[in-house]
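Sequential numbering of the sequence shown, starting at 4, is according to my numbering. Structure first, commentary second.
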Amino acid sequence: MLIILGFAAGVGVFVYYAKDAPKLEESKLQSKPSSVIYDKEGQILVDLGIEKRELADTKDIPLELVDAITSIEDHRFFQHRGVDPVRIISSVIHNTQNDSMQGGSTLTQQLIKLSFFSTKAKDATIKRKAQEAWMAVNLERQNTKEEIITYYINKTYLGNGYYGMLTAAKSYFGKDLKSLDLAQIALLAGMPQAPNSYDPYAHPKAAKERRDMVLRAMYRYQKISKKQMVQALAEPINDGLQAPPSTKAVPSYLDNYIKQVIIEVENKTGLDVNKAGLKIYTPLDNAAQQRLWDIFNTDQYVAFPDDLFQVASTIVDVNSGAVIAQLGGRKLPTDVTFGLNQAVQTNRDWGSTMKPPTDYAPAFEYGVYKSTGDIIGDTWYVYPDGGNTPVYDWDRQYQGNITVRKAVWGSRNIPAVKTLAAVGLDKSQAFLEGLGIDYPNMQYSNAISSYNNGDGNQWGASSEKMAAAYAAFSAGGIYTKPYYVNKIVDAEGKETLMKPERTRAMKASTAYVITDILKGVITNGTMTNGVIPGLNQAGKTGTSNYDDNLYDQALANIDGPYDGSSLAPDENFVGYTPKYSMAVWSGYDNRMTPVWGAKLYLALDVYREMMTYLASTTDNPDWPMPDGVQKVGNELTITN
4 MLIILGFAAG VGVFVYYAKD APKLEESKLQ SKPSSVIYDK EGQILVDLGI
54 EKRELADTKD IPLELVDAIT SIEDHRFFQH RGVDPVRIIS SVIHNTQNDS
104 MQGGSTLTQQ LIKLSFFSTK AKDATIKRKA QEAWMAVNLE RQNTKEEIIT
154 YYINKTYLGN GYYGMLTAAK SYFGKDLKSL DLAQIALLAG MPQAPNSYDP
204 YAHPKAAKER RDMVLRAMYR YQKISKKQMV QALAEPINDG LQAPPSTKAV
254 PSYLDNYIKQ VIIEVENKTG LDVNKAGLKI YTPLDNAAQQ RLWDIFNTDQ
304 YVAFPDDLFQ VASTIVDVNS GAVIAQLGGR KLPTDVTFGL NQAVQTNRDW
354 GSTMKPPTDY APAFEYGVYK STGDIIGDTW YVYPDGGNTP VYDWDRQYQG
404 NITVRKAVWG SRNIPAVKTL AAVGLDKSQA FLEGLGIDYP NMQYSNAISS
454 YNNGDGNQWG ASSEKMAAAY AAFSAGGIYT KPYYVNKIVD AEGKETLMKP
504 ERTRAMKAST AYVITDILKG VITNGTMTNG VIPGLNQAGK TGTSNYDDNL
554 YDQALANIDG PYDGSSLAPD ENFVGYTPKY SMAVWSGYDN RMTPVWGAKL
604 YLALDVYREM MTYLASTTDN PDWPMPDGVQ KVGNELTITN
């Protein structure tokens, strides 16, 4: 009676759990090829090695491989119907009598687990096992054994980023499945249970022991002769094994960009790029990306002081809003895939490059200023937040009454803070949000800095954000959220166009007036070493500062002779033409290692070299004056 009651209870639990099993979907059983990413010309950039997979057809699978897999994993595969009671009882007896664990899952159950459930040991609950068994039985009802084992062969992971046994055969041995010898077949058949532990490169001894276990199982179940077994056992584990790949699946010069592509695809579609078998088309200019890499990592273009000095940059196509090139650092580790991308990290201060979008553009947009010749006082001033903290310019001097144009050219701090006060924090914050720059709450110090400590220590900008924001000035006031993907084609051939997110961030007249002012920064302001003859361009430098408490500490970190020049944690430049917008951050990973002397010009040097290259690939028009702007002498007035 107890046995009957126990059996009934077990059946009840099984039915209770099984009723909520996932639906059997053929698409999840069928493995997909690895995702491929293309540049703007449709040329392949990377075949993602994260899950590199080439699918085998049933007709191309040798019988020896089927025999090897079933011998070691499920020798009654062709007799059971998804669940094998004999195997379950055998495993229970074995596990009771021995310290080692033996599984009772059939190949069909393993396929279900790989296709529908987590493979982590901690997730192997009674509920999961019941659902797995129920689905395996149903799968055997609707699919043939040949289809099931083909799914399994294409689904399994065999280490080193290789998914599917055909991929592994070509990667490990340079052969297709039918060309493998018996020992090589046995190695692949034995790897899926612990692919990293049986890696023939990293763990040749363990790989051989597992391979030999497969060969002995094949002999035990009469799939091979004793002679065949002995010959295969004698074969060295590295016989025919190709050298491991010496390069990363993703070239170093593409690493940062491809990381952003993957993030965008997964955020917008919810698809796992590693498993979805996608064709992903990007706006990347591969030649520009390679040139940017060369500028960062060679001495041919810019004389960097040392290998620790860092640069990050994003380049945006003004007309489309697409990110066409991006690098998050220089001299980055070559053995790391998808590491830190400083180009999109918002943890450094962009200094005075914030002045145009934070202060002056909203001032013209909301009518605080009408003309670039309007007068503002560069005189003693305290932050208008109710305290008594004075605002200082970089030279601790005052220029008196100056025009808005000259205040921007000279990157004067006091006029910038006064301008923000006149605009109002709320209006400025809303304007910045329209350019993709968000603060937890706006502060008057943000007139001259992207640092904001209103909700923890935060910085509101990055090279990606700044390149896109300044691109809106170039594009007549139209802001496009920076993007890395144009089109996705899924494994079934369905095509999805990724529509850019565009909004009008400001009037065309505002954008033109700001551009006209920033054009003069090149010849009259703080970026004269950025001059590119014959190119219509505009831009703004930005230098962050140490407060008094940190300045002496930064000074103590200078190694070698010091010329007495200003010290800064960050030096930035954002510049643009009618075609491209480019933002450059420079500094050290350790903010307390200061930028000073000639290092203060390196961000602009990077910009000049890259923009010179980009200008050589296209025509160089000027910005047309829109309606609502009138020029009187050297100044512009907004009339609408």
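For every residue, glycine included, the Cβ atom is placed at its ideal position computed from N, Cα and C.
Hey, quick one: how far does the alpha helix (DSSP H) through Ala3 stretch, first residue to last?
Examination of residue 3 is not possible in this model, given that the chain is present from 4 through 643 alone.
Residues in the same chain with beta-carbon distance under 7 Å from Gly459, minus the five sequence neighbours each way, listed in chain order, please.
With a pLDDT of 48 at Gly459, under the threshold of 50, the modelled position of that residue is not reliable, and the figure given next carries that caveat. Only residues of its own chain outside the window of five on either side were considered, and among them none has a CB closer than 7 Å to the CB of Gly459.
Kindly give me the distance between the Cβ atoms of Pro597 and Asn539, rounded to whole angstroms, as I take these residues to be in contact under 8 Å.
34 Å between Cβ atoms; not a contact.
Taking just the CA atoms, how far does Thr526 sit from Asp551?
32 Å
I'd like the span of the beta strand (DSSP E) that includes Met595, first residue to last.
Looking at the DSSP string, Met595 is not in any beta strand (DSSP E), and its letter there is neither H nor E.
Just to confirm, are Ala647 and Asn575 a CB contact at a threshold of 7 Å?
Absent from the model: residue 647. The displayed extent of the chain is 4 to 643, so no value can be given.
Please report how far the alpha carbon of Asn259 lies from the alpha carbon of Thr317, in whole angstroms.
In this structure, the CA atom of Asn259 is about 11 Å from the CA atom of Thr317.
Using a threshold of 7 Å, state whether the C-beta atoms of Leu330 and Phe307 are closer than that.
no
How should Met138 be labelled, buried or exposed, when 16 other C-beta atoms within 10 angstroms of its C-beta is the threshold for buried?
buried
Quick one: what's Trp588 bridged to in DSSP?
Ala315, Asn575
Per DSSP, which one or two residues make a beta bridge with Leu330?
Ser316
Check whether the region 357-365 touches the region 419-426, counting contact only when three or more Cβ pairs, one atom from each stretch, lie closer than 8 Å.
By the criterion of at least three beta-carbon pairs nearer than 8 Å, the region 357-365 is in contact with the region 419-426.
Say whether the region 567-574 touches the region 533-549, bearing in mind that this needs 3 or more beta-carbon pairs closer than 8 Å, one atom from each stretch.
yes
From Tyr19 to Arg351, what distance separates their C-alpha atoms?
With a pLDDT of 46 at Tyr19, under the threshold of 50, the predicted position of this residue should be treated as unreliable, and no value is reported.
How close, in whole Å, do the beta carbons of Ile64 and Thr153 come, if the pair is a contact with beta carbons under 8 Å?
The pair is a contact, with the Cβ atoms about 7 Å apart (cut-off 8 Å).
Can you give the beta carbon distance from Leu639 to Val516, rounded, assuming they're within the 8 Å contact cut?
5 Å
May I ask which residues mark the beginning and end of the beta strand (DSSP E) holding Gly427?
Segment: none, Gly427 is in no beta strand (DSSP E) and carries neither H nor E.
Do you know whose CA, among Ile151, Met194, Ile265, lies nearest Tyr165's CA?
Met194
Can the beta-carbon of Thr272 be found closer than 7 Å to that of Val488?
no
Can you tell me which of the three DSSP states Asn404 falls into?
Three-state DSSP puts Asn404 in a strand.
Tell me which same chain residues have a C-beta within less than 7 Å of the C-beta of Asp102, skipping the five on either side of it?
Reliability of the predicted coordinates at Asp102 is poor, the pLDDT of 46 falling under 50, and no value is obtained from them.
Looking only at C-alpha atoms, which of Gly563, Ala586, Lys543, Asn593 sits nearest to Leu553?
Asn593
Checking 7 Å against the spacing of the C-beta atoms, do Ile75 and Ala205 come in under that value?
If you check the CB distance, Ile75 and Ala205 do not come in under 7 Å.
Which residues bound the alpha helix (DSSP H) around Gly523?
Run containing Gly523: 511-527, per the alpha helix (DSSP H) assignment.
Across which residues does DSSP place Gly437 in a beta bridge pair?
Paired residue(s): none; Gly437 is not in a bridge.
Using the Cβ count rule (16 or more neighbours within 10 Å means buried), how would you classify Val635?
exposed
If you drop the 5 nearest sequence neighbours on each side, which residues of the same chain put their C-beta closer than 6 Å to that of Lys490?
Taken in chain order, the residues that qualify are Tyr284, Leu500.
Return the CA-CA distance between Pro239 and Gln187, expressed in angstroms with no decimal places.
Separation of Pro239 and Gln187 (C-alpha to C-alpha, rounded to the nearest whole angstrom) is 10 Å.
Taking only three categories from DSSP, how would you classify Pro365?
Pro365 falls in the helix class under three-state DSSP.
My guess is that Phe476 and Thr518 are in contact by the Cβ rule of under 8 Å, so how many angstroms apart are they, rounded?
5 Å
Give the range of the beta strand (DSSP E) segment to which Gln633 is assigned.
632-635
With a Cβ-Cβ cutoff of 7 Å, do Leu281 and Ser38 count as a contact?
yes
Which two residues bound the contiguous alpha helix (DSSP H) that contains Gly193?
Taken as a continuous stretch (DSSP letters only), the alpha helix (DSSP H) holding Gly193 covers 185-193.
Out of curiosity, what's the CA-to-CA distance linking Val305 and Val609?
In this structure, the straight-line span from the alpha carbon of Val305 to that of Val609 is close to 7 Å.
Measuring CB to CB, does Tyr160 end up less than 7 Å from Pro207?
Result no, Cβ atoms of Tyr160 and Pro207 do not sit closer than 7 Å.
When you compare only the Cα positions, how much space is there between Asp377 and Ile641?
Distance between the alpha carbons of Asp377 and Ile641: 11 Å.
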